[in-house]
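K.L.:
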Amino acid sequence: MTQHAAPAESQAVIDEATAERHDKALAVVQRLLIEQGIRARRHQTISLWLYASLPDAPTCPERPTPRSWMNRYPPELAVIGPGGRREATVTMGPRSGCYLVSLRNGSDPQTVRSEHPEQVVKLILAARSGERP
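The opening position of the sequence shown corresponds to residue 10 in my numbering, with each subsequent residue numbered one higher.
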């Protein structure tokens, strides 16, 4: 069973269209990784709030009180190594739309333009073989 942590406080909430666009871009990288024999999983995180009742809410027949809402967080692609450990995480830049590649042994995420998903794969392959990207 996989356990997922709650999204970090600094992680921005995104809209449905942005989540779909980012997920499609990550799917391209996932397909390229699978072609190289590398396991990768896409994760999507949502925060769903449900309320049974709101005692202080004014009753207005024209505007029903919201009883739920959902926050969507940026999807991520987890690259899994041979031992089952996470080797890298790929996300999308919130404004730029670039790939952000965080390698397990790297310090800062590396930026790759969205037009070059094959460069993401090259970074991951280089990190796995111990080369300097």
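Backbone N, C-alpha and C fix where the C-beta goes; we use that ideal spot for every residue, glycine too.
Determine the contact status of residue 88 and residue 49, defining contact as a CB-CB distance below 7 angstroms.
P.N.:
Closer than 7 angstroms, so yes.
K.L.:
Whole angstroms are fine: how far does the CA of residue 80 sit from the CA of residue 61?
P.N.:
Approximately 18 angstroms, taken between the alpha carbons.
K.L.:
Do you know offhand how far residue 146's Cα is from residue 135's?
P.N.:
Outside the shown range of the chain, which is 10 to 142, sits residue 146, and nothing can be said about it.
K.L.:
So residue 118 and residue 109 are supposed to be a Cβ contact under 8 angstroms. How far apart are they, rounded?
P.N.:
Their Cβ separation, rounded to whole angstroms, is 4 angstroms, which keeps residue 118 and residue 109 in contact under 8 angstroms.
K.L.:
Sorted by chain position, which residues of the same chain lie with C-beta nearer than 7 angstroms to residue 127's C-beta, five sequence neighbours on each side aside?
P.N.:
So the list reads 41, once near-sequence residues are dropped.
K.L.:
Round the Cβ separation of residue 52 and residue 84 to the nearest angstrom and send it over; I've been treating them as touching at under 8 angstroms.
P.N.:
With a Cβ gap of about 6 angstroms, residue 52 and residue 84 count as contacting.
K.L.:
For my contact list, residue 35 and residue 99 are in at a C-beta cut-off of 8 angstroms; report their separation, rounded to the angstrom.
P.N.:
With a Cβ gap of about 6 angstroms, residue 35 and residue 99 count as contacting.
K.L.:
Once DSSP output is grouped into helix, strand and coil, what is the label at residue 47?
P.N.:
In the structure shown, residue 47 sits in coil (DSSP, three-state: anything other than H, G, I, E or B).
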